[in-house]
Amino acid sequence: MAHETVKRKADHIKICLEKGAQARTATSGFEDIHLIHRALPEVDRQRISISTSFLGKKLSAPLIVGAMTGGTEEATKINASIAEAVEKLHLGMGVGSQRAAIEDRKLEKTYAVARKKAPTAFLIANIGGVQLVHGYGLKEAKKAIEMIDADALAIHLNALQEAVQPEGQTNFKGVLAKITKIAGELDKPVIVKETGCGISAEDAKALEDAGVKAIDVGGVGGTSFAAVEYYRSTNGKAIDEAFWDWGIPTAASLIEAVQTVKIPVIASGGVRSGIDIAKALSLNASLASVSRPVLEAAVKGAKETQELLSCLIEELRNVLFLVGAENLERLTKVPLLVAGKTAERLNIRDFDTANYAKRSTSTFEY
Ligand SMILES: Cc1cc2nc3c(=O)[nH]c(=O)nc-3n(C[C@H](O)[C@H](O)[C@H](O)COP(=O)(O)O)c2cc1C
162 MAHETVKRKA DHIKICLEKG AQARTATSGF EDIHLIHRAL PEVDRQRISI
212 STSFLGKKLS APLIVGAMTG GTEEATKINA SIAEAVEKLH LGMGVGSQRA
262 AIEDRKLEKT YAVARKKAPT AFLIANIGGV QLVHGYGLKE AKKAIEMIDA
312 DALAIHLNAL QEAVQPEGQT NFKGVLAKIT KIAGELDKPV IVKETGCGIS
362 AEDAKALEDA GVKAIDVGGV GGTSFAAVEY YRSTNGKAID EAFWDWGIPT
412 AASLIEAVQT VKIPVIASGG VRSGIDIAKA LSLNASLASV SRPVLEAAVK
462 GAKETQELLS CLIEELRNVL FLVGAENLER LTKVPLLVAG KTAERLNIRD
512 FDTANYAKRS TSTFEY
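Heads up, the sequence shown is in our numbering, so the first residue is 162 and it goes up one at a time.
Here it is as structure tokens:
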């Protein structure tokens, strides 16, 4: 079993690097979010503050690297590169699903390398929600946390991936009750994340009620696990292709979640630039999370990973400068417009786009 899991994780890395496996027709929706340029920013770029705190830990910028890997030698190198970079930059990271090492202790080091290389960074352990339905419980959750001395545990929800993968586990009945139990009994905060299909307002509310401490929307617009499974299947099964772009776009999922819950919401799924990060934060995301672009840098090394993350941070800082926001709090107040398909979709769902429209017509502060 552990062997199959490891093989699958190795396939994911290979496919994401070689084929991309990105959404094709669906977009993240960030193209529908418009921040307004200030010719008179009236701020000193040097003095802009983008530091934040998340679940009690300080971060130099509201950015983490999403859960990706573990289990293999290559994964060890990737986790090490990411960990070294986030430690230097004072950011955070998730490791990939730890199922392989929970089932085979010999693989623990492929995840534990993250804490070794990042003694102080914010680290997130990872297990699958569906595994909770199939026998995992508090013991496995604790094991995942201890393995990397994590600050939080992410429980990932990947119904689409399980549905299209031949060996997928498709019984999700009771998953919310299991999440509630873990969130209630664990002494570390639980984050629930999707993996590329988004989280609706209703599901976000249910997760908040379950005692989850943060939600990562993981919307459509970036890495597509239907695409990954399409490339994994030898004959390119039509069912995977049909679901290639399935899900709630990240920006829409984010707006639904932040308008519904009080717990912090992380934006991920197709976040590809500091501008995307700024847009997410202006919509009240607490953090943004990037995965696939970091994977590409991490296979090259820690230096390349650090360069990529630094570039995203400098882009984010530029946006704050150009919209005249001296800190992240101000970024959530600057004029903003939600347009296009994202606004249409939210209107159909009866979400309060009027609030954003009001921000689009509000005057600048001088
Ligand atoms: C190669 C690869 C492996 C992944 N493995 C996991 C995983 O084990 N657990 C998890 O929660 N998410 C996993 N993800 C999903 C990411 O955490 C993230 O939700 C998704 O890739 C969307 O972000 P992106 O568009 O920036 O890639 C993986 C993503 C990639 C690219």
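For every residue, glycine included, the Cβ atom is placed at its ideal position computed from N, Cα and C.
In this text, all values refer to a predicted model and were calculated from it rather than measured experimentally.
### Query
Looking only at its own chain, which residues have a Cβ that is under 6 Å from the Cβ of residue 354, when we skip the five neighbours before and after it?
Taking the first residue of the sequence shown as position 1, residue 354 is located at position 193. Once the five neighbours on either side are set aside, the close Cβ partners of residue 354 are 315, 317, 377, 379.
### Query
Hey, how far is the Cα of residue 211 from the Cα of residue 489?
In the sequence shown, the residue the question calls residue 211 occupies position 50. In the sequence shown, the residue the question calls residue 489 occupies position 328. Taking the straight line joining both Cα atoms gives about 6 Å.
### Query
Skipping 5 residues on each side, what residues in its chain have a beta carbon closer than 6 Å to that of residue 449?
Position 288 of the sequence shown holds residue 449. Same-chain partners within the cutoff: 224, 428, 432, 438, 441.
### Query
How about residue 186: is its Cβ closer than 7 Å to a heavy atom in ligand 1?
For the purposes of this step, residue 186 is taken as residue 25 along the sequence shown, with counting starting at 1. It does not: the Cβ of residue 186 is nowhere closer than 7 Å to a heavy atom of ligand 1.
#### Entry: Between the CA atoms of residue 411 and residue 349 - distance to the nearest angstrom
One-based indexing of the sequence shown puts residue 349 at position 188. One-based indexing of the sequence shown puts residue 411 at position 250. One C-alpha to the other measures close to 26 Å.
### Query
Can you round the beta-carbon distance between residue 208 and residue 487 to whole angstroms, since I take them to be within the 8 Å contact cut?
What you label residue 208 is simply residue 47 of the sequence shown in a count that begins at 1. What you label residue 487 is simply residue 326 of the sequence shown in a count that begins at 1. About 7 Å; that satisfies the 8 Å criterion.
### Task
Tell me whether residue 485 is buried or exposed, calling it buried when 16 or more other Cβ atoms sit within 10 Å of its Cβ.
Translated into the one-based positions of the sequence shown, residue 485 becomes position 324. Residue 485 comes out buried.
### Task
Within the same chain, show all residues whose beta-carbon is closer than 6 Å to that of residue 345, passing over the 5 residues directly before and after it, in chain order.
The residue labelled residue 345 in the question sits at position 184 within the sequence shown. Contacts found: 372.
### Message
For ligand 1, I want to know if residue 343 counts as a neighbour, meaning its beta carbon is within less than 7 Å of at least one of the ligand's heavy atoms.
### Response
Within the sequence shown, the letter at position 182 stands for residue 343. For ligand 1, not one heavy atom lies less than 7 Å from the Cβ of residue 343.
### Query
What number of angstroms, rounded off, separates the C-alpha of residue 304 from the C-alpha of residue 263?
Reading the sequence shown from its first residue, position 143 is the one you call residue 304. Reading the sequence shown from its first residue, position 102 is the one you call residue 263. Rounded to the nearest angstrom, the two C-alpha atoms are 7 Å apart.
### Query
Near residue 270, which residues of its chain fall below 8 Å by C-beta distance, leaving aside the five closest residues on each side in sequence?
Taking the first residue of the sequence shown as position 1, residue 270 is located at position 109. Closer than 8 Å at the Cβ level, and outside the excluded window around residue 270, lie 237.
### Collapsed DSSP secondary structure at residue 255 in the structure displayed
Within the sequence shown, residue 255 is the residue found at index 94, counting from 1. Strand.
### Query
Over what stretch of residues does the beta strand (DSSP E) that includes residue 283 continue unbroken?
Against the sequence shown, residue 283 aligns to sequence position 122. Start and end: 283-289.
### Message
In whole angstroms, give me the CA-to-CA distance for residue 466 and residue 391.
### Response
Translated into the one-based positions of the sequence shown, residue 466 becomes position 305. Translated into the one-based positions of the sequence shown, residue 391 becomes position 230. C-alpha separation (whole angstroms): 28 Å.
### Query
Using 8 Å as the threshold, is the segment 317-330 in touch with the segment 351-370, meaning 3 or more CB pairs across them?
yes
### Message
Assuming residue 294 and residue 342 are in contact, meaning their beta carbons sit under 8 Å apart, how far apart are those beta carbons, in whole angstroms?
### Response
To locate residue 294, count along the sequence shown from 1; it is residue 133. To locate residue 342, count along the sequence shown from 1; it is residue 181. The pair is not a contact, with the Cβ atoms about 12 Å apart (cut-off 8 Å).
### Query
Of the residues 421, 278, 187, which one's Cα is nearest the Cα of residue 253?
In the sequence shown, counting from the first residue as 1, residue 253 sits at position 92. It is 278 whose Cα lies nearest to the Cα of residue 253.
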